[in-house]
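Working notes, beginning with the structure itself.
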Amino acid sequence: MAETIDLTGDGGVLKTVIRKAKDDAISPSDSLPLVDVHYEGTLAENGEVFDTTHEDNSIFSFEVGQGAVIKAWDIALRTMKVGEIAKITCRPEYAYGSPGSPPEIPAKFV
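Using full-length UniProt numbering, the first residue of the sequence shown is number 1, and each one after it goes up by one.
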């Protein structure tokens, strides 16, 4: 069974590696902050998909650490390597906060 790692120490951002990267794969850094990701966002309570790049096979690109995405992504992506696949679970304060992002993301979702 895959190990789940608490990336924040408070259970706010959890990472479970689904597929490890190759040993020589690189990670994002201050000098290489741009990442390209495929993702599927689901609600923990019912597994409903609220956003995905898989339907149209698109890629989402952003610079890690710039605040362009939810806090959980800025935290988790810094620990990942090219080719790694992981499940990231986060509490509302590391995602969209208490208000959520209606209508797709309800208030206080995990």
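Each residue gets a CB set at the ideal place from its N, CA and C atoms; glycine is no exception.
Taking C-beta atoms as the reference points, residue 13 and residue 76 count as a pair closer than 7 Å.
The three-state reading of DSSP puts residue 72 in helix, counting H, G and I together. If you look at residue 86, you'll find it in the beta strand (DSSP E) that goes 85–90. Per DSSP, the unbroken beta strand (DSSP E) holding residue 18 starts and ends at 13–19.
Residue 15 and residue 4 do touch by the CB rule: their CB atoms are close to 7 Å apart, below 8 Å.
The beta carbons of residue 84 and residue 2 sit no closer together than 7 Å.
Residue 40 is bridged by DSSP to 52.
Beyond the five residues adjoining it in sequence on each side, residue 61 comes within less than 6 Å, by CB distance, of 36 in the same chain, given in chain order. Bridge pairing for residue 61: 36 [DSSP].
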